[in-house]
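Chemist:
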Amino acid sequence: MNLLNYVPGDSFLHRLNPITKLAAAFLYGIACILCGNIGMEAAFIVLMIVISASAGLAGRALRLTRNLVILGLFMFVLQLFFVRTGAPLVVVKGFVLITTGGLRSALLLSLRVVATMLPLMILFAITPMNDLCNALVKRAHLPYRYAFIITTAFRFVPLFSTEFHEIQDAQRARGVDFETKNLIRKVQLVAPLCVPLLVSSLEKVNSSAISAQMRGFELRNRTSGYKEYPFHAGDAVVFATLAGMIAVSAVLL
Amino acid sequence: MIRFDQVSFSYPHGETTIKDLSFHIYKGDFVALIGANGAGKSTISRLCNGLLRPASGHIYLDGEDTCEVPTSRLARKVGFLFQNPDRQICENTVRDEIAFSMKVQGWPADKIKERVAEALETFSLKGEWFPFSRSRGERQRIALAGVLACEPKLLILDEPTTGLDYMECIHIMDYLTGLNRDKGITVLMVSHDMELVQDYAKRVLVLGSGTLLGDGPVNEIMKDEELLHRARVLPAQIPSLALRFGDRFADVYTIEEMYAAVKQG
Amino acid sequence: MITVKNVTFRYKGNEETALNEISLTVVNHDFVGIIGTSGAGKSTLAMALNGVIPHEFAGDFYGEVLIDDEDTVDHAAEYFGRKVGEVFQDIDSQMVASVVEDEILFGLENFGIPHEEIGIRLEKVLRELGIEDLRHREIASLSGGQKQKVAIAAILALEPEILVLDEPTGELDPESSQEIFGLLKKLNEEKGITVVIVEQKIKLLCEYVKHLVVLDRGKLQFDGVPREVITHIDTFKRLGINVPPVAELSAMFRADGSYAGDVTLTVEEAEKMVREVLHDSV
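Protein chains in written order, with the numbering used here: chain A, 2 to 254; chain B, 4 to 268; chain C, 1065 to 1346.
(1) Quick check on residue 218 (chain A): buried or exposed, where buried means 16 or more other Cβ atoms within 10 Å of its Cβ?
(2) If you compare alpha carbons, which of B:79, B:139 and B:26 is closest to residue 209 (chain B)?
(3) So, helix, strand or coil for residue 147 (chain A), using DSSP?
(4) Which first and last residues belong to the alpha helix (DSSP H) in which residue 1027 (chain C) is found?
(5) Using CA coordinates, which residue listed in C:1078, C:1268, C:1300 and C:1125 is at the minimum distance from residue 1240 (chain C)?
(6) Hey, is residue 1174 (chain C)'s beta-carbon within less than 7 Å of any beta-carbon in chain A?
(7) So what's residue 1274 (chain C) in DSSP terms, helix, strand or just coil?
(8) Between the beta-carbon of residue 193 (chain B) and the beta-carbon of residue 162 (chain B), is there less than 7 Å?
(9) Residues in the same chain with beta-carbon distance under 6 Å from residue 245 (chain B), minus the five sequence neighbours each way, listed in chain order, please.
(10) So which of B:80, B:14, B:136 and B:31 has the shortest CA-CA distance to residue 1080 (chain C)?
(11) Which residues of chain C have a Cβ atom closer than 8 Å to the Cβ of residue 168 (chain B), listed in chain order?
(12) Give me the residue from A:12, A:210 and A:241 with the minimum Cα distance to residue 127 (chain A).
(13) Taking the alpha carbon of residue 77 (chain A) as the point to measure from, which residue in A:94, A:102 and A:59 has its own alpha carbon closest?
(14) Going by DSSP in three states, residue 1246 (chain C) sits in which element: helix, strand or coil?
(15) Buried or exposed for residue 1346 (chain C), going by 16 or more other Cβ atoms inside 10 Å?
(16) Strictly below 7 Å CB to CB, what residues from chain C border residue 265 (chain B)?
(17) What did DSSP end up calling residue 1140 (chain C) once you bin it into helix, strand or coil?
(18) Using a C-beta cutoff of 7 Å, does residue 1120 (chain C) count as contacting chain A?
(19) Look up residue 1267 (chain C) in the DSSP assignment and say whether it is helix, strand or coil.
(20) Name the chain A residues whose beta carbon is nearer than 7 Å to that of residue 1204 (chain C)?
(21) Taking only runs of the beta strand (DSSP E) that begin and end inside the region 6-77 of chain B, which ones reach a length of at least 3 residues, in chain order?
(22) Reducing DSSP to helix, strand and coil, say where residue 155 (chain B) ends up.
(23) Measuring only the C-alpha atoms, how far is residue 146 (chain B) from residue 177 (chain A)?
(24) If we ignore side chains and look at the alpha-carbon of each, how far apart do residue 35 (chain A) and residue 24 (chain A) end up?
(25) From residue 7 (chain B) to residue 68 (chain B), what does the alpha carbon distance come to, in whole angstroms?
(26) Using a Cβ-Cβ distance cut-off of 7 Å, determine whether residue 2 (chain A) contacts chain C.
(27) My parser needs the beta strand (DSSP E) runs of 3 or more residues fully inside the region 1104-1173 of chain C; what are they?
(28) For a test of the three-state rule: what should DSSP assign to residue 1283 (chain C), helix, strand or coil?
(29) If contact means a Cβ-Cβ distance below 9 Å, which residues of the region 1193-1225 of chain C contact chain B?
(30) Quick one: is residue 72 (chain A) buried, meaning 16 or more other Cβ sit within 10 Å of its Cβ, or exposed?
(31) Going by other Cβ atoms of all chains shown within 10 Å of its Cβ, with 16 needed for buried, is residue 195 (chain A) buried or exposed?
(32) Quick check on residue 168 (chain A): buried or exposed, where buried means 16 or more other Cβ atoms within 10 Å of its Cβ?
(33) Report yes or no: do the region 1127-1137 of chain C and the region 1161-1177 of chain C share at least 3 C-beta pairs separated by less than 8 Å?
(34) What are the partner residues of residue 161 (chain A), as DSSP defines its beta bridges?
(35) So, is the C-beta of residue 176 (chain A) closer than 7 Å to a C-beta in chain B?
(36) Count the CB pairs spanning the region 1306-1324 of chain C and the region 215-224 of chain B that are closer than 8 Å, and state whether there are at least three.
Here it is in structure tokens:
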């Protein structure tokens, strides 16, 4: 269902410091961006799936990959026709449609999109939002206010989505047919739902703010957090490995 | 009116599951669906109008299998009053709000005008009101007026007492009882309030973990304490009181009956 | 102790007052139930008890609310947050965390409870509410009753003297509602916590509270022990609030002179009364 929610676990990945996880996801992405080798790029994707599997997330990783491949395909098609370097590959009535350069660059780009995004998506599966933000406040000195906004935004997404579905159900129950294929008609039908959704959202945000306020939100500072987020040997290993990966990618550029 | 035939259903995360459920609600009946939270009451009410679809089994509405019929078409026969009227209301005036369902269901304009006027009168509402700034009870009446204006054959009430004052609720229930008696509208009510069930329902379906634990006339069910206990439902006070006297008050279900019976000795 | 003196409040943009000249005292160790129809001002009153009103809502506020002789107007809203903890009506939106443990930690961390004490309080409150097994659960995966307990735990961890709850059983079935009331009764009796609860379910209020407050369109109608307040059955009906059927039955016997005892609030009491009227041996 939801491909971005946290999946509890006690694997090596789960136990890493949240900051390590965040940094690792970015560094892995950088390695993928630097890498100019198609085979290597594909290997990065497979490696990420294997790493996810070690945390019991093989299914999640495969589903994410499938969704990202759809995005990748879109990029592939665009790139295929726009890049005009290399030898002609497909010629229709004297007009060069696809070139070898286009094919190579399209393949590389689409794989790169998948390889770069995948670790960021997996990050959400192995890191509770609260831990990530608390660690950023404690270790990276991110102001708590911003951290709170991020966690709250994440927490409200499912609430709003539930509310939206229930409003939609209430409308379907009185005969509104949302199953129309006509896009303009669909927009016309969904637009009125924004009114009840907006009303209830404002109420929710307001009540959330008051509840946080009454529990001393304003008094909080960087040292308030109870949980400590120490770095362990495992975190060092991850950083070292990623540094190596980036170096290899840079060489294969 | 509506018939469940071996219906099963489960949510993707596997919470409430309906298992092989079969029952038949006849035209003109007034049925209460009772049970603890999670027993499947809401699921059943949403299966009736196609908001949810059975995983297996069939649901027949007026003899027609509903599996292939879209919700928008089922809505012409099945009216649904939600707990929270705010999810329904989206027009700027009460008049447009009541007309909304009839419009989407394709009623002719002159008929809509006539029905809206009637509904405003029946429910003591004003057509030019801005629905969002009315009280909760008025908003619930606006929603009900919109549902009933379409003349549904089956009306589903999801927890009519929540968020409504006792008196408002009684007014609505009395009105629906009249419709049930005079126009033969079939009512299916989901409720936790056993006093309300005792006072208004004719027949009760008792649900526990997605299966039917009991089905019978309201007076029979209300005095089956063992069954209600098994369904984790708190019995209504007067029938429960009567039971404490063995067979002595066997016919007693209401306050007035209890009073009269005790007075006779 | 909370003393409400002549409080009137009108939300900004509204013509009618939400609270109208309310005076009320909540003594220590009290268990107060507030009932009334929708729009009677129940939530507004609950929010006025700890300063959420007037601090967080714009409007005209008259009169004063004193918490142990300190005026709520003189301090910032969160000043009384620890002493008078409130569980708000919308259970989903008041949660700040996604995991139970973090939800309970939030207030403790904010109010600067020493870290060595936080762990102790966390475990204690989980144990008191019997939710140790929920500690690492995602809040979104909990049932309504479990969520309500987590919300109460998050406030209780701050060790408030007074706990205010706004319709905590609104979304719960009768069994879970009774469980929550049982829990509050235990906190009230064993830990001496003062409880103020806004509630629609009159049967539960009659069974559990020591002190019942009835509001109607912003005005205080009754304020007293349930057994006395509930004798005004006709007023209750006029206001649109139902009374337990057994109370109504006892009122009928009282009216015709066949029963001289108190109004009955539970089925057990009603049984005794009927046996008395019938001259049965109990």
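C-beta atoms are modelled at their ideal positions from N, C-alpha and C, and glycine is treated no differently.
Modeler: Per the coordinate set shown:
(1) Flag for residue 218 (chain A) reads buried.
(2) Of the listed residues, the one whose Cα sits closest to residue 209 (chain B) is B:26.
(3) Note: residue 147 (chain A) maps to helix in three-state DSSP.
(4) Lying outside 1065 to 1346, the shown extent of chain C, residue 1027 (chain C) is not represented and no answer is given.
(5) When each option's Cα is compared against that of residue 1240 (chain C), the closest is C:1268.
(6) Cβ-Cβ to chain A under 7 Å: yes for residue 1174 (chain C).
(7) Residue 1274 (chain C): coil per DSSP, three-state reduction.
(8) Remark: C-beta atoms of residue 193 (chain B) and residue 162 (chain B) approach each other more closely than 7 Å.
(9) Apart from sequence neighbours up to five positions away, the residues of its chain that approach residue 245 (chain B) with a beta-carbon distance below 6 Å are 252 and 255, ordered along the chain.
(10) Residue B:136 is the option with its Cα nearest to residue 1080 (chain C).
(11) Residues of chain C passing the Cβ test: 1101, 1102, 1304 and 1305.
(12) Ranking A:12, A:210 and A:241 by Cα distance to residue 127 (chain A) puts A:12 first.
(13) Of the listed residues, the one whose Cα sits closest to residue 77 (chain A) is A:102.
(14) Residue 1246 (chain C): helix per DSSP, three-state reduction.
(15) Confidence in residue 1346 (chain C) is poor, its pLDDT being 47 and thus under 50, which makes the residue's placement unreliable; the coordinate value appears in the next sentence. By the 16-neighbour rule on beta-carbons within 10 angstroms, residue 1346 (chain C) is exposed.
(16) Residues of chain C passing the Cβ test: 1338, 1341 and 1342.
(17) Here residue 1140 (chain C) sits in coil by DSSP.
(18) Cβ-Cβ to chain A under 7 Å: yes for residue 1120 (chain C).
(19) Correct three-state label for residue 1267 (chain C): helix.
(20) Counting only Cβ-Cβ distances below 7 Å, residue 1204 (chain C) has contacts in chain A at 159, in chain order.
(21) If we require 3 residues or more, the beta strand (DSSP E) runs fully inside the region 6-77 of chain B come out as 20-28, 33-37 and 59-64.
(22) Of the three classes helix, strand and coil, the one that applies to residue 155 (chain B) here is coil, per DSSP.
(23) Taking the CA atoms as reference points, residue 146 (chain B) sits about 15 Å from residue 177 (chain A).
(24) Looking at the backbone, the Cα of residue 35 (chain A) and that of residue 24 (chain A) are separated by about 16 Å.
(25) In this structure, the straight-line span from the alpha carbon of residue 7 (chain B) to that of residue 68 (chain B) is close to 10 Å.
(26) Confidence at residue 2 (chain A) is low in this model, with a pLDDT of 45, below 50, so the placement of that residue is unreliable and no value is reported for it.
(27) Those beta strand (DSSP E) runs which fall completely within the region 1104-1173 of chain C and span 3+ residues are 1123-1131 and 1148-1151.
(28) Note: residue 1283 (chain C) maps to strand in three-state DSSP.
(29) Answer in chain order: 1205, 1207, 1208 and 1209.
(30) Exposed: under 16 other Cβ atoms inside 10 Å.
(31) Answer is exposed; the Cβ neighbour count stays below 16.
(32) With a threshold of 16 other beta carbon atoms within 10 Å, residue 168 (chain A) meets it and is buried.
(33) With contact defined as three or more Cβ pairs closer than 8 Å, the region 1127-1137 of chain C and the region 1161-1177 of chain C are not in contact.
(34) Looking at the DSSP assignment, residue 161 (chain A) forms no beta bridge with any residue, so it has no partner.
(35) It does; some Cβ of chain B falls within 7 Å.
(36) They do not touch, by the three-pair rule.
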